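Shown next, in structure tokens, is the structure this report addresses.
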Amino acid sequence: MKTPILCFDDFTLVTAPAHIVEIRTLNDGKTSIILDQTAFCPDTAGQMCDTGIITDGQATFAVESVTYKDGILHHIGRFTHGSLAPKAGVECRVDEQRRLLNSRIHSAGHIIDMAVDALNLNWEPIAYNHAHGNAHVDYEGSILEGNKEDIRSHLEAKCNALIEQKMATYVMIADKQELGAFTHHLAQNVPSEGKIYVVMYGDFAVPCNGTHVQNTEQIGKLTIRDIKIHGNVIRVDYSISH
Ligand SMILES: [Zn+2]
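FYI, the numbering for the sequence shown is 38 to 279, going by the working numbering.
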């Protein structure tokens, strides 16, 4: 059974009740817990995973990483107090500060997409990395070396203007055909079958998993640190204010 990931529908959800489906000991000595539903967000679409704890009120399992494979979400970590067994009723408690930071960095990446679109740069996003301290979006496109600084400053100004519009986000669910009708922006990891989460930033549609801010103003100030050119790949390095 696939693991329902509740935070994909509600980005602010950081606690949820669950039952343990399975507990596995991994080769490296860590433990993996599978739940019947989860509040934890895995590493997805370039976003770093949530951390936190799973507890029944007495035993505590520290969730150090979260991975998603073949529809199953694996909470990987170790017991810091007591132990748990399959079928136990537990609660997921996600580190709220880390979630918010992940959501802000992730959303900032999509603001850059919006700014690239608004400036008609004709770049297509091909990869995202929303890691703390090393965030970037890769685009396929072209840019002259001599125009880099000019474009960097225009892009940064446009991003911050978009953030200051205080756009609310909301989630829609569509299949790939429906999606094509209202966005040209198809992320490469969009599956061809099943439902796709589409996050609307105002009227800009982003097919994407992961968690996002509720309003763009939560992102804060966005800095385009650098633009790097490797062949026809343009890497936009960025950071956000704390
Ligand atoms: Zn995304």
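Beta carbons: idealized from backbone N, C-alpha and C, even for Gly.
None of the values given here were measured: they were computed from a predicted structure.
Need the endpoints of the beta strand (DSSP E) that residue i sits in, please.
i, result
"H173", "173-177"
"D13", "Outside the modelled stretch of the chain, which goes from 38 to 279, sits residue 13, for which no answer is possible."
"M209", "206-211"
Between the C-alpha atoms of residue i and residue j, what's the straight-line distance to the nearest angstrom?
i, j, result
"H143", "T248", "8 Å"
"M151", "F98", "39 Å"
"T286", "A76", "Examination of residue 286 is not possible in this model, given that the chain is present from 38 through 279 alone."
"V243", "L137", "19 Å"
"R272", "S179", "11 Å"
"H173", "I266", "13 Å"
"F301", "A96", "It is not possible to answer for residue 301, since the shown part of the chain is limited to 38 through 279."
"L199", "D87", "27 Å"
"W160", "F241", "16 Å"
"M38", "Q74", "10 Å"
"V270", "E177", "5 Å"
"D46", "A145", "19 Å"
Mapping the DSSP letters down to three states, classify residue i as helix, strand or coil.
i, result
"Q134", "helix"
"V153", "helix"
"I129", "Here the sequence assigns Cys to residue 129, which means Ile is not the residue at that position. Of the three classes helix, strand and coil, the one that applies to C129 here is strand, per DSSP."
"A168", "coil"
"I281", "Because the chain here runs from 38 to 279, residue 281 falls outside it and cannot be looked at."
"L181", "coil"
"H118", "strand"
"L110", "strand"
"Q84", "strand"
Less than 6 Å between C-beta atoms, sequence neighbours within five positions excluded: which residues of the same chain meet that for residue i?
i, result
"S278", "G257, K258"
"D185", "It is Lys, not Asp, that sits at residue 185 in the sequence shown. Once the five neighbours on either side are set aside, the close Cβ partners of K185 are I264."
"M204", "Y238, G239, T253"
"D274", "H173, R262, D263"
"H169", "none"
"L192", "A152, I261"
"N139", "Q84, M85"
Who are the Cβ neighbours of residue i in its own chain at under 7 Å, not counting the five residues just before and after it?
i, result
"I70", "I57, I60, I91, F98, H112"
"Q225", "Note on Q225: pLDDT 46, under 50, position unreliable in the model; the coordinate value appears next. I163, listed in sequence order."
"E133", "V51"
By the DSSP assignment, the alpha helix (DSSP H) with residue i in it spans what residues?
i, result
"D187", "185-200"
On the CB-based measure, 16 or more other CB atoms within 10 Å of its CB, does residue i come out buried or exposed?
i, result
"N246", "buried"
"N171", "exposed"
"L72", "buried"
"G83", "buried"
"A53", "buried"
"G126", "exposed"
"A122", "exposed"
"K195", "buried"
"H167", "buried"
By Cβ distance, which residues of its chain are closer than 8 Å to residue i, with the 5 residues on each side in sequence left out?
i, result
"S102", "D80, C86, T88, I113, G114"
"I210", "K232, I233, Y234, V235"
"G94", "E128"
"Q251", "F48, T49, A205, T206"
"T104", "P79, D80, C86, L110, H111, I113"
"K67", "E101, I113, G114, R115"
Taking 7 Å as the cut-off, is the beta-carbon of residue i closer than that to any non-hydrogen atom of ligand 3?
i, result
"G239", "Within the structure as shown, ligand 3 is missing, the only ligands being ligand 1."
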